[in-house]
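Be aware that the sequence shown starts at 1, since it is given in full-length UniProt numbering, and climbs by one per residue.
Backbone N, C-alpha and C define an ideal beta-carbon position, used for all residues, glycine too.
Keep in mind that this is a model prediction, so the values were computed, not measured.
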Amino acid sequence: MLDKLERLPADSILGLAAIAKADANPNKVDLTVGVYMNEDGVCPVFKAVKMAQAALQQEEVSKSYLPPAGVDAFNDGMQQLLFGAGHPALRDGRVSSVQAPGGCGALRIGAEIIFAAAPTAKVWVSDPTWPVHLPLLGSVGLEFETYRYYEPVSHGVNFDGMVEDLKRAQTGDVVLLHGCCHNPCGADLSLEQWGVVADMAEAQGFVPFVDIAYQGLGDGLEEDAAGLRLLAERVPEMIIAASCSKNMGLYRERTGAVMFVCQNRANAEALVSQALVAARRVYSMPPAHGALIAGRILSDQALDEIWRTELMDMCGRMNGLRTGLREKLEAASSRDFAFIEKEKGMFSFLGLSTKQAIRLREEYSVYMLDSSRINVAGVNARNIDYLAQSVASVL
Ligand SMILES: Cc1ncc(COP(=O)(O)O)c(C=O)c1O
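Here it is as structure tokens:
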């Protein structure tokens with residue numbers, strides 16, 4: 001039986017990262033995977049995480065299962081973080097949450113819930129979107145439609161195209177939106193544009209599904225959640241997949257939450273029972289370590305302040321890298337790279353052809369995706385000149 005299964009090609013992003021890792025060129029630059037790197041090229045552990053972890057280790061008396069919905073302090077803390085204290089949806093008890101294994105686990109549970117409620121619902125995804133959205137949601141049985149999003153010539157959002165396409169979304173369809181720091185393009189909606197999406201959701205009856213994996217890495221924790229908060233005030237129903245992989249650096253601890261904004265409290269509670277049955281089917285119980293750490297940070301004022309400062313520094317460094325990269329690329333190539341500075345979060349397309357991206361890899365050991373998506377956090381003071389010169393040489 002098993003011998004009928006053939007070897008599959010490696011994941012396109014992880015496969016490329018493995019090739020970059022094996023490259024012996026001392027000048028190599030790896031901008032492939034979406035993991036934050038500090039100035040030394042290391043993905044660091046937050047101080048607040050270390051402190052919470054040390055305290056938890058002292059206190060731990062059991063490795064028994066968590067309750068199926070996860071750690072209460074985590075679920076509560078994440079709701080406050082995403083919605084902000086006093087948000088009307090929270091105040092009205094219309095929001096419920098279940099801990100999930102990372103943002104991916106949250107997306108998957110969200111997809112299971114959509115399929116249970118409306119198996120023929122179409123999920124509208126941006127063009128482009130994070131490629132993992134398709135297998136994560138599609139393997140549940142959901143079908144996709146695409147809406148225009150990124151416009152490569154202006155390097156911005158084609159909002160007119162997006163609106164025109166979303167006019168075809170039907171009542172009960174789901175529109176997947178990146179909460180902030182769009183992956184892969186880094187181009188985000190303005191608050192006014194979020195308002196237009198809310199108008200459309202209200203008028204047409206589609207359900208927003210907000211994937212927010214980079215809160216705090218764009219303009220700040222509050223600013224990055226502003227679109228989601230606006231939607232949650234306006235629409236009757238909405239699903240959210242949140243991740244602590246990037247903003248707490250808890251990648252391998254698989255720490256995330258799926259949230260449901262419902263029409264009333266009873267419905268929000270019913271959704272928890274639905275999510276738990278879906279989780280039982282897929283992975284049974286949530287992992288403890290990351291959620292205990294995140295829950296501790298979010299519920300302890302001193303730790304929370306330390307974490308927020310670290311996150312702000314990280315965000316500031318990335319925005320500084322965006323400015324630096326723009327300047328170096330413009331100096332090396334006399335092309336306009338202003339868009340890099342305007343985009344948010346970890347990713348941007350450099351606007352190169354696939355051929356140019358492959359040349360960079362093969363001739364200069366500069367690794368980015370074929371689409372020329374780069375992880376801005378992979379840039380540092382040691383590689384920025386080489387990177388800019390290499391890019392200029394293939395233009
Ligand atoms: C757009 C987007 N959504 C969700 C995730 C989920 O990440 P994780 O499952 O590691 O929390 C990622 C991670 O790269 C992402 O880029």
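Can the beta-carbon of residue i be found closer than 8 Å to that of residue j?
i	j	result
Phe-144	Lys-167	no
Gly-45	Gly-195	Here the sequence assigns Val to residue 45, which means Gly is not the residue at that position. Contact flag unset, no.
Gly-105	Gly-256	yes
Gln-11	Ala-20	With the sequence shown as reference, residue 11 is identified as Asp, and Gln is not the correct amino acid for it. In this structure, Ala-20 does not lie closer than 8 Å to Asp-11 by Cβ.
Leu-311	Ala-52	no
Phe-159	Ala-291	no
Ala-169	Leu-137	no
Val-272	Ala-69	yes
Glu-202	Val-235	yes
Give the DSSP-derived three-state secondary structure of residue i in the structure shown.
i	result
Met-51	helix
Glu-145	strand
Gly-156	strand
Ala-388	helix
Met-238	strand
Tyr-150	strand
Pro-101	strand
Tyr-65	coil
Arg-335	coil
Trp-130	coil
Met-200	helix
Using CA coordinates, which residue listed in the options is at the minimum distance from residue i?
i	options	result
Ala-275	Asp-92, Asp-30, Thr-32, Arg-108	Arg-108
Ala-116	Val-277, Cys-262, Lys-328	Val-277
Arg-308	Cys-244, Ile-212, Asn-383, Thr-32	Cys-244
Asp-188	Asp-23, Ala-54, Tyr-149	Tyr-149
Tyr-251	Asp-72, Met-37, Ala-266, Lys-28	Met-37
Tyr-147	Val-132, Trp-124, Ser-139	Trp-124
Ala-225	Phe-83, Val-33, Gln-58	Phe-83
Asn-25	Tyr-364, Leu-56, Tyr-214	Tyr-364
Asp-211	Trp-130, Gly-324, Lys-47, Met-346	Trp-130
Ser-126	Glu-327, His-178, Ala-357	His-178
Glu-269	Val-98, Gly-227, Val-391	Val-98
Kindly give me the distance between the Cβ atoms of residue i and residue j, rounded to whole angstroms, as I take these residues to be in contact under 8 Å.
i	j	result
Leu-231	Leu-16	Rounded, the Cβ-Cβ distance is 34 Å, inconsistent with contact.
Gly-218	Cys-180	5 Å
Ala-294	Gly-77	7 Å
Ala-89	Glu-233	7 Å
Ala-338	Gln-389	Contact doesn't hold; Cβ gap of about 20 Å is too wide.
Arg-94	Asn-247	Contact doesn't hold; Cβ gap of about 25 Å is too wide.
Contact criterion: CB-CB distance below 8 Å. Does residue i meet it with respect to chain D?
i	result
Val-125	Note that chain D does not occur in the displayed structure, where there is just one protein chain.
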